[in-house]
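Scroll down for the structure; my scribbles are underneath it.
Numbering (our numbering), first residue to last: 242 to 428.
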């Protein structure tokens with residue numbers, strides 16, 4: 242079986258106006274792009290390529306869940322110079338081309354990202370494979386009785402990962418990258 246020895250990964254997190262991609266919108270995307278290399282050992286090495294955050298102007302803030310806006314700290318004044326959805330998704334498609342998406346609860350972020358790409362008519366250029374740090378953590382830690390939750394916060398506490406700006410997209414993407422590195426170092 243052939244293994245991908247070198248691959249670009251995009252650690253991605255979204256902040257949204259709610260939990261339903263049919264009515265809620267992505268308002269922030271945080272990305273950490275790294276090159277992962279497995280050629281020299283059984284533990285990968287990582288080279289940082291780029292980090293960026295995209296704030297996106299909501300088109301239907303009236304449909305937002307107030308709890309979601311409170312959790313992610315949305316304030317209209319902070320989004321005055323935000324990108325349109327089309328601008329943001331164009332930037333993401335350009336920067337993420339061929340990268341494997343890695344997220345904490347990847348199904349959630351993927352649903353919103355796919356919907357955003359479709360809504361603006363831009364092709365998602367990321368690799369079709371996706372990695373979920375919750376699944377990886379569960380597989381490696383489920384027999385450890387010290388772990389009761391697999392949230393990014395709980396796993397961050399377990400591994401000593403600082404995430405001072407939780408629920409902001411770039412901070413969560415960075416924490417997800419750190420978590421992935423810790424998980425890949427485990428035997």
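Built from N, CA and C at the ideal position, the CB exists for glycine as well.
Under the DSSP assignment, residue 357 falls in the alpha helix (DSSP H) whose first and last residues are 347 to 361. According to the DSSP assignment, residue 427 belongs to no alpha helix (DSSP H), since it is labelled neither H nor E.
Residue burial is scored here from C-beta neighbours: residue 264 has fewer than 16 other C-beta atoms within 10 angstroms and is therefore classed as exposed. The C-beta distance from residue 248 to residue 341 rounds to 6 Å, short enough to meet the 8 Å contact threshold.
Look at residue 412 here: in three-state DSSP terms it is helix. Sixteen is the threshold: since fewer than 16 other Cβ atoms of the shown chains lie within 10 Å of the Cβ of residue 301, the residue is exposed. For residue 421, the three-state secondary structure derived from DSSP is helix.
Comparing alpha carbon positions, the residue from 308, 256 and 380 closest to residue 320 is 256.
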